[in-house]
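Asker: Here it is: the structure, laid out below.
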Amino acid sequence: MQYTKNQIRERRMLRLAQLIHDHWEEGSGMDTRLFEVPLLHDSLVLKGRSIAGVKYREHVVPRALLRDECLKMFDAGATVVDVKECLLQYLWIVHITEEEAARLNLSHKVTMPGGWVFGEGNPFARLAAVGIELEPNQALEPTG
Numbered sequence: 005m006q007y008t009k010n011q012i013r014e015r016r017m018l019r020l021a022q023l024i025h026d027h028w029e030e031g032s033g034m035d036t037r038l039f040e041v042p043l044l045h046d047s048l049v050l051k052g053r054s055i056a057g058v059k060y061r062e063h064v065v066p067r068a069l070l071r072d073e074c075l076k077m078f079d080a081g082a083t084v085v086d087v088k089e090c091l092l093q094y095l096w097i098v099h100i101t102e103e104e105a106a107r108l109n110l111s112h113k114v115t116m117p118g119g120w121v122f123g124e125g126n127p128f129a130r131l132a133a134v135g136i137e138l139e140p141n142q143a144l145e146p147t148g
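Going letter by letter, the sequence shown gives residues 5 to 148 in this note's numbering.
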């Protein structure tokens, strides 16, 4: 069977949500490296690149913040599918310059801008807050 890139992405996010659930259920914590290769290849999560250049790989929502939100969701009774949907919305990377990464790390290394909340917030708010402009990854298929 042939799968589109979006179908593969959705299947991988479901697997990741199940892994997070298993770690949550076991009470073993979870390393954020699960959000990386080999489970999620960059081709499935690369959303764009800085118009200023590319040298640095950055998650649009910090991995630790995303992990903590997934664990909180399970604490609140969310299902694996609920967490998969959260991952589909917020687990993206972009390529930015080293200067932009340094600027981002000064104010929002592991946080999102004040007032930002999961389920409502723009995943790219952290980048916009420090003036990083992106061009989209044309290789990704539209998601709807």
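For glycine and all other residues, C-beta sits at the position ideal for the given N, C-alpha and C.
Keep in mind that this is a model prediction, so the values were computed, not measured.
Go ahead and pull the three-state DSSP assignment for Leu-43.
Answerer: Coil at Leu-43, not helix or strand.
Asker: Pick out whichever of Leu-70, Ala-106, Arg-53 and Met-116 has its Cα sitting closest to the Cα of Pro-140.
Answerer: Of Leu-70, Ala-106, Arg-53 and Met-116, the residue nearest in Cα terms is Arg-53.
Asker: Where DSSP assigns a beta bridge to Val-85, which residues make up the other side?
Answerer: Answer by DSSP bridge pairing: none, since Val-85 is not bridged.
Asker: Distance, Cα to Cα, Leu-110 vs Val-64?
Answerer: Spanning the two alpha carbons is a distance of roughly 15 Å.
Asker: What runs of the beta strand (DSSP E), each 3 residues or longer, lie entirely inside the stretch 51-114?
Answerer: Those beta strand (DSSP E) runs which fall completely within the stretch 51-114 and span 3+ residues are 60-63 and 97-100.
Asker: According to DSSP, is Glu-30 helix, strand or coil?
Answerer: The answer is helix: DSSP assigns Glu-30 an H, G or I state.
Asker: Measuring only the C-alpha atoms, how far is Arg-19 from Val-58?
Answerer: Using only the alpha carbons, I get a separation of about 30 Å.
Asker: Three Cβ pairs or more, each shorter than 8 Å: is that satisfied between the stretch 6-19 and the stretch 36-52?
Answerer: Yes, they touch.
Asker: Just to confirm my understanding: we take Thr-36, look at its own chain, exclude 5 residues before and 5 after, and list those with CB closer than 7 Å. What are they?
Answerer: These residues qualify, in order along the chain: Arg-67, Ala-68 and Arg-71.
Asker: With DSSP as the reference, please indicate the residues paired to Leu-138 in a beta bridge.
Answerer: Leu-138 pairs with Ser-54.
Asker: With three or more beta-carbon pairs closer than 8 Å as the criterion, would you say the stretch 91-98 touches the stretch 121-128?
Answerer: At 8 Å Cβ cutoff, the stretches touch.
Asker: Which class does Ala-143 belong to by DSSP, given the choice of helix, strand or coil?
Answerer: Coil at Ala-143, not helix or strand.
Asker: Assuming contact is defined by CB atoms lying nearer than 9 Å, are Arg-16 and Leu-43 in contact in what I supplied?
Answerer: Contact flag set, yes.
Asker: Who are the Cβ neighbours of Val-87 in its own chain at under 8 Å, not counting the five residues just before and after it?
Answerer: Around Val-87: Ala-21, Ile-24, His-25, Cys-74, Met-77 and Phe-78.
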